[in-house]
């Protein structure tokens, strides 16, 4: 059974940092791209970043470029999102999702999310 | 960047109704379009990928169509468990933009 479990969320002041983690199990983690998607309270879904299976390629939403860094450790079957210089508008539930192995993106398994609140 | 626009933003329907949700891309995305369902307090669930391919295990009352800039998600014979928010997402290249969502409510 595919499982994705996020952790690391919490309350942080504007300008602060957080590192989110996503522990994967039930599939060959090193074969898949992985994505982070967020959802602000009461709002829609917003794709944040993704990373190639070997970590050799990454992409970001424009509004987080230069502030967020996606990474992975295939030996630990884990995905990460380092979030720096956080802003109030980054407040959201952050989901980790399994992306494609080949072909176009498709987010076929999701974790339950970890909540990030940016507030003073 | 390509923008994704869904309509309507919400609709009311009865059990047994046929419901159609539309998604428009601001530029052509061929058939690189996915649909997700999200129920309250839950993570999204992939329904359809490649505009018209049903994910394994998804009921056949869900169907998708379209190509280029215009896409539809149709639910035939709406069931109580289908009341949720539906999102389209472009899947060709980053940014993997989602539509704003369509909330399907009980009439």
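Residue numbers (my numbering), protein chains in the order written: chain G, 1 to 120; chain B, 121 to 227.
Think of the CB as a built atom: it goes at the ideal place given N, C-alpha and C, for glycine as much as any other residue.
Please read these numbers as outputs of a predicted model, since none were measured by experiment.
- At a C-beta separation below 9 angstroms, residue 95/G has these neighbours in chain B: 163 and 164.
- With a cutoff of 8 angstroms on beta-carbon distance, residue 150/B and residue 188/B are scored as near each other.
- Boundaries of the beta strand (DSSP E) around residue 48/G: 45-51.
- Residues of chain G with a Cβ closer than 9 angstroms to the Cβ of residue 207/B are, in chain order, 44 and 45.
- Taking a beta-carbon distance threshold of 8 angstroms, residue 196/B does not count as an interface residue toward chain G.
- Chain B has a Cβ within less than 8 angstroms of the Cβ of residue 108/G.
- Residue 226/B counts as exposed, since fewer than 16 other C-beta atoms from the protein chains shown sit within 10 angstroms of its C-beta.
- Among the CB atoms of chain G, one or more fall inside 8 angstroms of the CB of residue 217/B.
- Closer than 8 angstroms to the CB of residue 211/B there is at least one CB belonging to chain G.
- For residue 71/G, the three-state secondary structure derived from DSSP is strand.
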